[in-house]
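Asker: I'd like to ask some things about the structure below.
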C-alpha cells in the first residue's frame with residue numbers, strides 16, 4: 126500500500142517537470158542560479174548565526190543602435206560572481222515599459238531619442254528591477270570592435286535576415302539555415318531591421334547571434350589583455366571581455382504581443398515580458414544587482430530548488446510574488462527533492478509575515494536555522510509537496526499584500 130502514494134508523488138513531479146510550460150524550456154547548457162553564489166566570509170554574530178555573503182554579480186546593458194538611431198536589440202550581461210564568464214540575456218527592443226500611474230504606455234526603445242540614453246536606461250532598469258554598473262549603446266563600428274575577439278562563428282537562423290537600406294531597398298544580410306559567418310555579419314544581424322517588420326519576426330535572430338557567440342567562446346577565449354582578476358568592470362568593453370573569457374550562458378526572455386487596448390492605445394508593435402520569469406532569472410544570475418520591489422515591509426526570500434527546472438522555479442516565484450514576498454535569490458541545489466517544502470528562518474519575529482504561505486505553495490515545514498545569506502529573511506527549499514500541490518492547478522489567493530501576479 127505504501128507504494129501507491131510514492132507513485133503518485135513521482136507522477137506529480139514528472140508532470141510538473143515535463144509539460145507545464147513549453148515556453149520556458151531551459152536552453153542546453155543554461156544553469157539557473159549559481160551553485161557557488163554564496164561564501165562564508167562573514168563568520169558568526171553574537172547570536173551564533175552565520176551570515177553568508179552573496180558574491181558580487183554586476184550587470185551591464187548592451188544595446189545596439191542603427192544608422193537611423195533606432196534601438197535594434199537590448200541585451201543584459203550578468204557576470205559570474207566568482208569566475209570568468211557569465212550570462213547574456215536578450216529582451217525585445219519594443220518591450221512595454223513600466224510606467225507611473227497617469228503616464229501613457231510606451232516601449233522602452235521609444236525612450237531613446239536624440240542620442241540621450243538616460244530615459245532609455247532608466248526604463249530598462251525599471252523593467253528588470255536591476256541597477257546597471259555599465260552601459261553600452263553601440264553602433265556598427267563600436268560593435269565590430271567589441272565582437273572582434275570572437276572571430277568566425279557558426280550561426281543557425283530560423284528565417285532570412287533582411288535590412289531596409291537608406292534608399293528603401295531590401296538587402297538580405299544572412300539566409301535561413303546554418304552557416305559560418307564573420308563577426309561583421311553578427312553585427313549586421315543585430316542591427317538589421319525591415320520597414321514594418323514586427324519585432325516578433327526578428328527576435329529569434331538576436332538569440333541566434335548570442336548563441337553563436339556562446340558556442341564559439343566555449344570555455345573562454347584567451348585574450349591578449351586578460352581581465353583584471355574578478356574586479357567589477359565599469360565599462361561595456363571590460364564587461365564583455367570578462368564575459369567571453371569564460372563560459373557564456375544564453376537566455377531569452379519570453380514575450381507576448383500586447384493587443385490594442387488600454388495597455389496599447391495606439392496598437393503599436395509592443396511586447397510584455399513575463400514578470401515571474403524576469404524575477405526568476407535576475408534573482409538567479411544577478412542577485413546583488415536587483416533593486417527589489419521597493420514595497421515597505423516585504424520579506425526577502427531565497428529559493429533553493431532541487432528540481433533544476435525553469436518551470437518549477439518560475440511557478441514558485443510567481444506564487445511568492447503574489448503572496449507579497451521580495452525574491453532576492455534563486456539557486457539550483459542538488460536533488461532529489463525532499464518530501465515537504467521547507468521554510469527556514471533565523472528570526473522568529475518575521476514568521477507572522479509568512480503565516481498564510483501554505484495557501485500559495487502548499488504544505489511547508491517551518492524550522493529554525495543558524496545560517497542565512499545576507500539580507501535574506503526566509504529560505505525556502507522546494508519539496509515534492511509543491512509538485513503535488515500544483516497537480517490540481519490551484520488558484521492563487523486573491524487577497525494579496527504585494528506585487529500583482531501579472
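Residue numbers (my numbering): 126 to 531. Ideal placement from N, C-alpha and C gives every residue a C-beta, glycine not left out.
Helix, strand or coil for residue 453 per DSSP?
Answerer: strand
Asker: Would you be able to state if there are at least three C-beta pairs under 8 angstroms between the stretch 199–209 and the stretch 361–372?
Answerer: Yes, the stretch 361–372 touches the stretch 199–209.
Asker: Under a Cβ-count criterion, where at least 16 other Cβ atoms within 10 Å of its own Cβ denotes burial, should residue 390 be classed as buried or exposed?
Answerer: exposed
Asker: Classify residue 402 as buried or exposed, calling it buried when 16 or more other Cβ atoms lie within 10 Å of its own Cβ.
Answerer: With 16 or more other Cβ atoms within 10 Å, it is buried.
Asker: I need the straight-line Cα distance from residue 198 to residue 334, nearest angstrom please.
Answerer: Rounded to the nearest whole angstrom, the C-alpha separation of residue 198 and residue 334 is 11 angstroms.
Asker: If you count every other CB in all the chains shown that lies within 10 Å of the CB of residue 337, and 16 or more means buried, which is it?
Answerer: buried
Asker: Drop a sphere of 10 angstroms on the beta-carbon of residue 510, count the other beta-carbons inside from all chains shown, and report buried for 16 or more, exposed for fewer.
Answerer: Classification for residue 510: buried.
Asker: Do you know offhand how far residue 469's Cα is from residue 313's?
Answerer: 50 angstroms
Asker: Go through its chain and collect everything with a Cβ distance to residue 460's Cβ below 6 angstroms, but skip five positions before and after it.
Answerer: Excluding sequence neighbours, residue 460 sits near 431.
Asker: Can you tell me where the alpha helix (DSSP H) holding residue 251 begins and where it ends?
Answerer: 243–253
Asker: Tell me where the alpha helix (DSSP H) around residue 367 begins and ends.
Answerer: 361–369
Asker: Whole angstroms is fine: what's the gap from residue 328's alpha carbon to residue 217's?
Answerer: 6 angstroms
Asker: Pop quiz: residue 495 and residue 219 are said to be a contact at Cβ under 8 angstroms. What is the actual Cβ separation, rounded to whole angstroms?
Answerer: Actually they do not touch by this definition, with Cβ atoms about 48 angstroms apart.
Asker: Taking the alpha-carbon of residue 283 as reference, which of 266, 301, 342, 289 has the nearest alpha-carbon?
Answerer: 301
Asker: Can you give, in chain order, each stretch of the alpha helix (DSSP H) that sits fully within the stretch 407–494 and has at least 4 residues?
Answerer: 435–447, 483–486
Asker: Candidates 466, 493, 248, 482: which alpha carbon is nearest residue 473's?
Answerer: 493
Asker: How close, in whole Å, do the beta carbons of residue 246 and residue 186 come, if the pair is a contact with beta carbons under 8 angstroms?
Answerer: Confirmed, about 6 angstroms.
Asker: Assuming residue 382 contacts residue 448 (C-beta within less than 8 angstroms), just tell me the rounded distance between them.
Answerer: With a Cβ gap of about 29 angstroms, residue 382 and residue 448 do not count as contacting.
Asker: Considering only the alpha carbon of each residue, which of 181, 227, 294 lies closest to residue 208?
Answerer: 181
Asker: At the level of alpha carbons, what is the spacing between residue 299 and residue 210?
Answerer: Going by C-alpha positions, residue 299 is about 28 angstroms away from residue 210.
Asker: Please confirm whether residue 456 and residue 255 have their CB atoms less than 8 angstroms apart.
Answerer: In this structure, residue 456 keeps its C-beta atom at 8 angstroms or more from the C-beta atom of residue 255.
Asker: Restricting to Cα atoms, I'd like to know which of 398, 442, 268, 452 is closest to residue 423.
Answerer: 452
Asker: Return the CA-CA distance between residue 502 and residue 518, expressed in angstroms with no decimal places.
Answerer: 28 angstroms
Asker: For the stretch 170–249, which segments carrying the beta strand (DSSP E) assignment without a break, of at least 3 residues, lie completely within its bounds, in sequence order?
Answerer: 175–179, 184–190, 196–204, 211–216
Asker: By the 10 Å Cβ neighbour count, where 16 or more other Cβ atoms means buried, how is residue 227 classified, buried or exposed?
Answerer: exposed
Asker: Kindly indicate which three-state DSSP category residue 515 falls into: helix, strand or coil?
Answerer: helix
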